[in-house]
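> Numbering-wise (the working numbering), the sequence shown opens with residue 27 and increments by one.
Ideal Cβ positions, reconstructed from N, Cα and C, are used throughout, including at glycine.
Please read through the structure below; I'll follow up with questions.
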Amino acid sequence: MESLRNTKKSEKTVKKFLERNTPFKRKEQTYKVDFSFSAGEVFREFCPSREEDWIDGWTADLIYTSSGYAESDCVFSTPSSNILGPGLWIFTKLKPDQHLEVIRIIENSVIVHFRIELENHDNNTCTGIWKLKFTALNEQGNKMIDNIPERDPMFEKIIEGLQYFLEKGEAIKLV
Numbered sequence: 027m028e029s030l031r032n033t034k035k036s037e038k039t040v041k042k043f044l045e046r047n048t049p050f051k052r053k054e055q056t057y058k059v060d061f062s063f064s065a066g067e068v069f070r071e072f073c074p075s076r077e078e079d080w081i082d083g084w085t086a087d088l089i090y091t092s093s094g095y096a097e098s099d100c101v102f103s104t105p106s107s108n109i110l111g112p113g114l115w116i117f118t119k120l121k122p123d124q125h126l127e128v129i130r131i132i133e134n135s136v137i138v139h140f141r142i143e144l145e146n147h148d149n150n151t152c153t154g155i156w157k158l159k160f161t162a163l164n165e166q167g168n169k170m171i172d173n174i175p176e177r178d179p180m181f182e183k184i185i186e187g188l189q190y191f192l193e194k195g196e197a198i199k200l201v
């Protein structure tokens with residue numbers, strides 16, 4: 027049976043989008059690190075407040091949180107002086123000790139979708155997998171994405187710094 031619903035507006039929107047051939051760019055990165063700590067110990071550190079303890083140069087302004095720590099719908103911002111730069115960050119999914127998802131908006135030009143998965147192992151260790159998806163929102167965003175390397179050495183150092191912090195109890199110097 028043919029639908030009686032009028033979908034001309036949505037069809038026009040989709041056609042227009044497809045005809046312009048998606049002018050905005052996207053880049054993806056994946057990082058994998060083995061930790062000599064449990065997923066619970068690692069996961070606890072994925073928090074805008076606690077990251078100040080283990081990421082040299084990290085600073086965040088909490089906007090909305092009930093606990094002051096990582097939680098679903100937590101919102102915070104980072105200034106341009108932050109090691110990762112400015113952004114508005116929103117926790118969109120959080121399952122303690124397993125995974126979290128965070129959206130970061132950079133200068134109204136790029137959205138970064140962070141997915142972090144932790145795989146627990148029997149020997150009280152875990153593997154962390156970071157998947158970052160950068161999507162441009164405009165031409166300025168396209169330029170920003172063009173400047174993102176396939177692998178970011180600073181981001182790799184930050185992740186490695188988590189293992190160092192868990193072992194030594196202090197942040198590793200990044201620069």
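(1) State the start and end residues of the unbroken beta strand (DSSP E) segment that holds residue 113.
(2) If you check the beta carbons only, do residue 191 and residue 80 fall under 8 Å apart?
(3) Measuring CB to CB, does residue 82 end up less than 8 Å from residue 103?
(4) Reducing DSSP to helix, strand and coil, say where residue 96 ends up.
(5) Is the beta carbon of residue 158 sitting closer than 8 Å to the one on residue 138?
(6) Of all the options 168, 95 and 160, which has the alpha carbon lying nearest to the alpha carbon of residue 141?
(7) Using alpha carbons as the reference points, say which of 180, 69 and 63 lies closest to residue 143.
(8) Which residues bound the beta strand (DSSP E) around residue 142?
(9) What are the start and end residues of the beta strand (DSSP E) that includes residue 154?
(10) If you pair each beta-carbon of the region 58-68 with each one of the region 185-199, do three or more pairs fall below 8 Å?
(11) Looking only at its own chain, which residues have a Cβ that is under 7 Å from the Cβ of residue 110, when we skip the five neighbours before and after it?
(12) Between which residues of its own chain and residue 146 is the CB-CB distance below 7 Å, once the five residues before and five after are set aside?
(13) Is residue 51 helix, strand or coil when you go by DSSP?
(14) If you draw a straight line from the C-alpha of residue 72 to the C-alpha of residue 90, how long is it?
For this structure:
(1) Counting from one through the sequence shown, the residue named residue 113 turns up at place 87. Its beta strand (DSSP E) spans residues 113-121.
(2) Translated into the one-based positions of the sequence shown, residue 191 becomes position 165. Translated into the one-based positions of the sequence shown, residue 80 becomes position 54. Yes, Cβ-Cβ distance for residue 191 and residue 80 is below 8 Å.
(3) To locate residue 82, count along the sequence shown from 1; it is residue 56. To locate residue 103, count along the sequence shown from 1; it is residue 77. Not closer than 8 Å, so no.
(4) Translated into the one-based positions of the sequence shown, residue 96 becomes position 70. Per DSSP, reduced to three states, the secondary structure at residue 96 is coil, with no helix or strand assignment.
(5) For the purposes of this step, residue 158 is identified with residue 132 of the sequence shown, where counting begins at 1. For the purposes of this step, residue 138 is identified with residue 112 of the sequence shown, where counting begins at 1. In contact: residue 158 and residue 138 (Cβ atoms closer than 8 Å).
(6) Here residue 141 refers to the residue found at position 115 of the sequence shown. Of the candidates 168, 95 and 160, the one whose C-alpha sits nearest the C-alpha of residue 141 is 160.
(7) Sequence index remark: in the sequence shown, residue 143 carries index 117 (1-based). With distances taken between Cα atoms, residue 143 lies closest to 69.
(8) The sequence position of residue 142 within the sequence shown is 116, counting from 1. Element bounds for residue 142: 136-146.
(9) Residue 154 sits at position 128 when you count from the first residue of the sequence shown. For residue 154, the enclosing beta strand (DSSP E) covers residues 152-162.
(10) With a cut-off of 8 Å on Cβ pairs, the region 58-68 is in contact with the region 185-199, counting three or more such pairs.
(11) Numbered from its first residue, the sequence shown carries residue 110 at position 84. Within the same chain, and ignoring the five residues on either side of residue 110 in sequence, the residues whose Cβ sits closer than 7 Å to its Cβ are 104.
(12) The residue labelled residue 146 in the question sits at position 120 within the sequence shown. 64, 65 and 152.
(13) Position 25 of the sequence shown holds residue 51. Correct three-state label for residue 51: coil.
(14) Numbered from its first residue, the sequence shown carries residue 72 at position 46. Numbered from its first residue, the sequence shown carries residue 90 at position 64. Residue 72 and residue 90: Cα-Cα distance of roughly 16 Å.
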